[in-house]
Amino acid sequence: MEASVLSLRGLTTVFDLPGGPATAVDGVDLDLQAGETVALVGESGSGKTMAALSCLGLTPPPGRVAGGSILFKGRELAGLAEEEYRRIRGRHLSMIFQEPMTALNPVFTVGEQIAEGLRLHLGLSPREAMERAAGLLAEVGIPNPARRAASYPHELSGGMRQRVIIAMALACGPDAVLADEPTTALDVTIQAEILDLLGRLQDERGMAVLLITHDLGVVAQSARRAAVMYAGRVVERGAVDDLFREPLHPYTRGLLTSLPRLDAPGARLTPIAGAVPDIAALPSGCHFHPRCPHAFARCRAEVPPAFGDARRGARCWLLAPGSAA
Amino acid sequence: MSLSPHALLARFLPRHGLLLAGAGIVAGMSLLALLAPLLAPYSPTAINAEALLQAPSWAHPLGTDALGRDVLSRMLYGARVSLWVGFVAVGLSVTIGLALGLMAGYAGGLTDEIVMRGVDVILCFPSFFLILAVIAFLEPSLLNIMIVIGLTSWMGVARLVRAETLSLRSRDFVLAARVAGAGPLRILTLHVLPNAAAPVLVSATLGVAGAILVESSLSFLGLGVQPPMPSWGNILMEGKDVLEIAPWLSFFPGLAILLTVLGYNLLGESLRDVLDPRIGR
């Protein structure tokens, strides 16, 4: 097995709230290899964005990485000094943001914003950086790039802005990109274009992509492997095909049965009862037990370990050897 | 989309009439102050014992004062003092307010707490009496007046900038800049400050009006600009003793203060409306 570009072991991020610490990311293990796309799936509030921000050392206060290791190209990032981190961010490890409306500064042209990282990391002159920025705009499929580089964000459509954000993230040729819901704010047709673009750029550059999404359609379209997060924990991991065909965790099963299917028209959708718990008041044991149709006594009392191996497994007592269910 | 200049004006005028009026007054006053040496018919300090307290005439369009000095000339030079005080004092208060507001808003936590409680404490002092007290101890020179007004008027700007910074720092584009590897100084000057510029500009414009009023009041009380250097405030003060026999000596500087303050306030208020799309027309 190839060495991972990004490898998380037991990543834990805690928010020190006035009422006591709240765990947003709880012991997440994840491996991302060069050139591959891994999906991190979960509902809003499951901790997937916080996991990504933790990798970049950008947890918003009062949040902090409280434990675990973030190994990036063999280097430990957890606990790294801010100055060191600044040299890695954008240059080697980058992020694509969800909201094309808010992730661009309204008072600068898009060219200037793409050029910022190039000037900071590669020491390019303003002129060289602007030329490179126009080149990047062409690469992300924006017509008339030299003129578009002088446009302000409000002059571009949502899809164009998302392309600009991708160009910004890829400007310095990072080894890994954390894409946080890169298509959520877009129309379905534009979504497909952006995913194709991301896939193409990834193939050309051989970079790793962690695709953070709540959309199983996006997962099926783009990723080979996926990890499902619930209330800060990775509850199931595996190849996307296996995950869809034979989900091990009741939560994954719930996500799949709440989607309409083309191969079973007329079948009733089964939503998951209840709502995502508040991280300040998480249920005991397996965090999913109050919503789980199969929950039994042990689920309430003990945290299930990760059954299976690093490639395929789930955190559910149903998988325990000799389980009653 | 090309409109004739006339049509453009017809579209612009009804919406921005107040903006134009304010800008016109401000521009006019600034021009008069700048060109004072060219426009003034006499020296502002030349005493003429043969023309004491003369009513406005062709020789002295705004009359003369108790020492026979030409009021028009003194008013023109007084405009320089007023505008100079306004700009320098506001420049100082905006600089302090920006620095502290950005720092408090971006750093948050204890820094924020200390700076903002400091603002609260300073706001507890009635600022005009604070200025009076300080000026009474220091020499009432033009420089001291500008500095004291600046040092006692930055709190509003600091609060404004802190609030803007708080809302801007959590925006995705600031996070994106951090992901791109930008440090705090770069983020503050490049990403936060330009986005907070509009309200600061409005506040600075209104601040000029306030500073001019304070300077006039100080000069009127004799603690501001010292004679023989003319300022609207001290012309007004000299006029109050002879109000019944030479009302022009009070009327014209009063009118000038009123017009200038009105001009800056109109400009500031309408800039706010133009720059802030949330306020409906």
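Taken in sequence, the protein lines are chains B and S. Counting with this note's numbering, you get residues 1 to 325 for the letters of the first sequence. Counting with this note's numbering, you get residues 1001 to 1281 for the letters of the second sequence. Backbone N, C-alpha and C define an ideal beta-carbon position, used for all residues, glycine too.
Between residue 1209 (chain S) and the rest of its own chain, which residues show a CB-CB distance below 6 Å, the 5 nearest in sequence each way excluded? So the list reads 1261, 1264, 1265, once near-sequence residues are dropped.
Residue closest to residue 132 (chain B), alpha-carbon to alpha-carbon, out of B:154, B:167, B:143, B:108: Residue 132 (chain B) has its Cα closest to that of B:167, out of B:154, B:167, B:143, B:108.
With 16 other CB atoms within 10 Å as the buried threshold, where does residue 297 (chain B) fall? Flag for residue 297 (chain B) reads exposed.
Alpha carbon to alpha carbon, how far is residue 1025 (chain S) from residue 1259 (chain S)? In a straight line, the C-alpha of residue 1025 (chain S) is about 7 Å away from that of residue 1259 (chain S).
Can you give me the C-alpha to C-alpha distance between residue 1227 (chain S) and residue 1234 (chain S), rounded to a whole angstrom? Straight across, the Cα-Cα distance linking residue 1227 (chain S) with residue 1234 (chain S) is about 7 Å.
Assuming residue 1183 (chain S) contacts residue 268 (chain B) under a Cβ cut-off of 8 Å, what Cβ separation, rounded to an integer in Å, is found between them? Their Cβ separation, rounded to whole angstroms, is 55 Å, which puts residue 1183 (chain S) and residue 268 (chain B) out of contact at 8 Å.
Let me make sure I understand the geometry here. Which of B:196, B:259, B:233, B:130 has the alpha-carbon closest to that of residue 329 (chain B)? Because residue 329 (chain B) is not part of the residues shown, which for chain B are 1 to 325, the question remains open.
With burial defined as no fewer than 16 other Cβ atoms inside 10 Å of the residue's Cβ, what is the status of residue 1114 (chain S): buried or exposed? Exposed is the label assigned to residue 1114 (chain S), since fewer than 16 other Cβ atoms lie within 10 Å of its Cβ.
Contacts of residue 1172 (chain S) in chain B (Cβ-Cβ under 7 Å): Those are 97, 99, 102, 103, listed as they occur along chain B.
Return the first residue and the last residue of the beta strand (DSSP E) that residue 41 (chain B) is part of. In the DSSP assignment, residue 41 (chain B) falls within the beta strand (DSSP E) that extends over 37-41.
Does residue 1223 (chain S) pass the burial test, meaning 16 or more other C-beta atoms within 10 Å, or should it be called exposed? Classification of residue 1223 (chain S): buried, given that the 10 Å Cβ count is 16 or more.
Which one of S:1016, S:1157, S:1015 has the shortest CA to CA distance from residue 1092 (chain S)? Ranking S:1016, S:1157, S:1015 by Cα distance to residue 1092 (chain S) puts S:1157 first.
CA-to-CA distance, residue 5 (chain B) to residue 71 (chain B), given in whole angstroms: The alpha-carbon separation between residue 71 (chain B) and residue 5 (chain B) amounts to approximately 8 Å.
Inspect the CB distances between the stretch 184-194 of chain B and the stretch 157-164 of chain B and report whether three or more fall short of 8 Å. A contact is defined here as three or more CB-CB pairs under 8 Å, and the stretch 184-194 of chain B meets this definition with respect to the stretch 157-164 of chain B.
Residues of chain B with CB closer than 8 Å to the CB of residue 1104 (chain S), please, in chain order. Counting only Cβ-Cβ distances below 8 Å, residue 1104 (chain S) has no contacts in chain B at all, with the closest Cβ about 15 Å away.
Proximity of residue 276 (chain B) and residue 84 (chain B) at Cβ, strictly below 7 Å: Between residue 276 (chain B) and residue 84 (chain B), the gap from beta carbon to beta carbon reaches 7 Å or more.
Spatial neighbours of residue 1282 (chain S) within its chain, please: C-beta separation below 6 Å, excluding the five flanking residues on both sides. In this structure chain S extends from 1001 to 1281, so residue 1282 (chain S) is not present and cannot be described.
Label residue 328 (chain B) either buried or exposed according to how many other C-beta atoms from any shown protein chain fall within 10 Å of its C-beta, with 16 as the threshold for buried. The requested residue 328 (chain B) is not part of the displayed model; chain B covers only 1 to 325.
List, in order along the chain, the chain S residues whose C-beta lies closer than 7 Å to that of residue 107 (chain B)? For residue 107 (chain B), the chain S residues whose C-beta falls within less than 7 Å of its own C-beta are 1194, 1195, listed in chain order.
Chain B contact for residue 1178 (chain S) (CB, 7 Å cutoff): Residue 1178 (chain S) counts as touching chain B.
Relative to the alpha-carbon of residue 1120 (chain S), which residue among S:1055, S:1154, S:1073, S:1190 has its alpha-carbon at the smallest distance? The option with the nearest alpha carbon to residue 1120 (chain S) is S:1154.
For chain S, check one thing: does any of its Cβ atoms lie closer than 7 Å to the Cβ of residue 201 (chain B)? Interface flag for residue 201 (chain B) against chain S is unset, since no Cβ pair is found closer than 7 Å.
DSSP three-state label for residue 196 (chain B), please. Three-state DSSP puts residue 196 (chain B) in a helix.
Less than 8 Å between the CB atoms is what I'm expecting for residue 310 (chain B) and residue 35 (chain B), so what's the real figure, rounded? The Cβ separation is near 18 Å, so there is no contact.
Assuming residue 47 (chain B) contacts residue 24 (chain B) (C-beta within less than 8 Å), just tell me the rounded distance between them. The pair is a contact, with the Cβ atoms about 5 Å apart (cut-off 8 Å).
Does DSSP put residue 8 (chain B) in a helix, a strand or coil? Reduced to three states, the DSSP call for residue 8 (chain B) is strand.
According to DSSP, residues forming a beta bridge with residue 229 (chain B): Checking the DSSP bridge columns, you'll see residue 229 (chain B) partnered with B:234.
List the DSSP bridge partners of residue 69 (chain B). Beta-bridge analysis with DSSP links residue 69 (chain B) to B:9.
Within chain S, the residues that residue 160 (chain B) reaches when beta carbons sit closer than 8 Å: The contacting residues do not exist; residue 160 (chain B) stays about 16 Å from chain S at best.
Contact set between residue 1198 (chain S) and chain B, taken where Cβ atoms lie within less than 7 Å: Within chain B, no residue comes near residue 1198 (chain S); the closest Cβ sits about 10 Å away, beyond 7 Å.
Counting only beta-carbon separations shorter than 7 Å, does residue 1210 (chain S) have a partner in chain B? No - not a single Cβ of chain B is within 7 Å of the one on residue 1210 (chain S).
Of all the CB atoms in chain S, is at least one closer than 7 Å to the CB of residue 139 (chain B)? So, not an interface residue.
Name the two residues that bound the continuous alpha helix (DSSP H) containing residue 90 (chain B). It is not in any alpha helix (DSSP H) - residue 90 (chain B) carries neither H nor E in the DSSP assignment.
Any contact between the stretch 1079-1093 of chain S and the stretch 1139-1148 of chain S? By contact I mean 3 or more CB pairs, one from each, below 8 Å. Judged by Cβ distances under 8 Å, the stretch 1079-1093 of chain S makes contact with the stretch 1139-1148 of chain S, as three or more pairs qualify.
So is residue 65 (chain B) buried or exposed if we call it buried at 16+ other beta carbons inside 10 Å? Its Cβ being crowded by 16 or more others within 10 Å, residue 65 (chain B) is buried.
In chain order, what residues of the same chain lie with their CB nearer than 6 Å to the CB of residue 16 (chain B), ignoring the 5 residues before and after it? In its chain, beyond the 5 residues on either side, 62 have a beta carbon closer than 6 Å to the beta carbon of residue 16 (chain B).
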